[in-house]
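With mature numbering (1 follows the signal peptide of the UniProt record, and there is no 0) applied, the sequence shown covers -27 to -1, 1 to 255. Right, one structure below, let's go through it.
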Amino acid sequence: MPRLSRPVTAVAAAAAALVLAGPPAQAMTGGRQLPTPGAAPWLATLAVKGDGPLLPRASCGGALVGEDTVLTAAHCLDGVDPARLEVHIGSSVLSRDPGVVRDVARTRLHPEYRLLPSPVDPGAPELSSAQYDIAVIRLAAPVRGVRPLALARHRPAPGADAAMFSHGTVAAPDPSRPDVEIRGDVLRRGDLTAVPHGECAAGTPATVDRASTFCAGDRRGGGTTMCTGDSGSPLVVRHGRRPELVGIASFGGETAGKRCGQPADAAFADVAAVREWVARAS
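Set out below in structure tokens:
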């Protein structure tokens, strides 16, 4: 995933500028690689249009939830011209396979989406969180032959297992060279556990909006942490044999001043809370 800002939740203008500039991709640490084609056929990767390799153009993640509909984080699209973006569906290794490529017909951000300034330093956008951080992308043409993710009807209860899918790195960047980012290429899966709201809120000075956001973290010792490029990535649970989309990656440990790779819970936009809006906006 890309670097949307130093933290996942940059101010909208910064996020837009970085997306349009085609930043190097970076994403979750830990987890395990899924290089096999079709490992997550519904996974979406946003990218800036261009003739160069996909990897340096890659931006946020997302999930295909209808033949022509993708969900991602609102802060990934705020202020961004949809005509300059394309969406890649189902790529496991960005440098080898672009997946199914579609132009963007239109985008729609949730009407209650807001960046929430940090109580510690309201003037520091890298410490901000967000509410209703979710957006709909309407693709210019449908994606055939891929079963979209179903939308969850309930947010996961504390202790429930879930998995985040993202193009990520094997390790965090070198702390002595924070300006040098490691580009993510191979799809990764990070196994997480839903955590109580109070536990999540206690781990960051940022505001964690209870109505639209829930948190999950590594409770299995897999070393999985969300990094700056994980914005928009899907959090998935199993409902019977079928995967369901429960969350869209919004912000993480950067709101508490932590670097990629340092243990921290991750916050996700609650898909169940916006099911009806998604249906109307799609």
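Note that the Cβ used here is the ideal one computed from N, Cα and C, for glycine as well.
Supposed close pair residue i, residue j - CB separation, criterion 8 Å
i: D191; j: P115; result: Wrong, their Cβ atoms sit about 36 Å apart, outside the cutoff.
i: R111; j: R79; result: 5 Å
i: D164; j: R193; result: 6 Å
i: S206; j: S139; result: 4 Å
i: T180; j: P95; result: Wrong, their Cβ atoms sit about 11 Å apart, outside the cutoff.
i: F187; j: H170; result: 7 Å
i: R214; j: L124; result: 17 Å between Cβ atoms; not a contact.
Cβ neighbours of residue i in the same chain (closer than 7 Å, five flanking residues each side left out)
i: L37; result: W15, A17, V43, I62, V116, V119, P121, L122
i: G(-6); result: Note that G(-6) scores 32 on pLDDT, short of 50, meaning its location in the model is unreliable and no value can be drawn from it.
i: A12; result: S65, L160
i: L82; result: A47, L50, D51, A108
i: P55; result: V77, R79, T80
Buried versus exposed, by CB contacts within 10 Å (16 or more), residue i
i: T45; result: buried
i: D243; result: buried
i: P216; result: buried
i: E59; result: buried
i: G35; result: buried
i: A113; result: exposed
Rounded C-alpha distance that separates residue i from residue j
i: M199; j: P98; result: 18 Å
i: F224; j: T9; result: 28 Å
i: E172; j: R161; result: 26 Å
i: C233; j: G176; result: 15 Å
i: G226; j: S101; result: 11 Å
i: A245; j: R126; result: 5 Å
i: L50; j: D203; result: 14 Å
i: A229; j: R75; result: 36 Å
i: V109; j: V251; result: 7 Å
i: V77; j: R253; result: 18 Å
i: R57; j: R183; result: 34 Å
i: L67; j: L88; result: 30 Å
i: G39; j: Q235; result: 35 Å
i: L19; j: V53; result: 12 Å
i: S255; j: G132; result: 31 Å
i: V210; j: G25; result: 35 Å
Contacting residues, own chain, Cβ-Cβ under 8 Å from residue i (five flanking each side not counted)
i: A189; result: P129, A135, M137, L165, T166, A167, V168, L208, G220, D238, A239, F241
i: E85; result: Q104, Y105, S185
i: V73; result: H61, I62, G63, V116, V119
i: P71; result: L27, H61, S64
Cβ-based neighbour list, residue i, same chain, cut-off 6 Å, excluding 5 preceding and 5 following
i: K231; result: A237
i: P90; result: S101
i: A174; result: V181
The ligand NAD heavy atom lying under 7 Å from the CB of residue i
i: V119; result: With respect to the ligand NAD, the structure offers nothing, as it holds no ligand at all.
**Sequence ranges, beta strand (DSSP E) only - wholly within the region 80 to 112, length at least 3** = Every beta strand (DSSP E) stretch that sits fully inside the region 80 to 112 and reaches 3 residues is listed by chain position as 87 to 89, 102 to 104, 108 to 112.
**Secondary structure, beta strand (DSSP E): runs of 3+ residues fully inside the region 152 to 201** = With a minimum length of 3 residues, the continuous beta strand (DSSP E) runs that stay inside the region 152 to 201 are 160 to 168, 186 to 190.
**Prompt:** Fully enclosed by the region 13 to 71, which alpha helix (DSSP H) runs are 4 residues long or longer?
**Reply:** You should have 27 to 30, 47 to 50.
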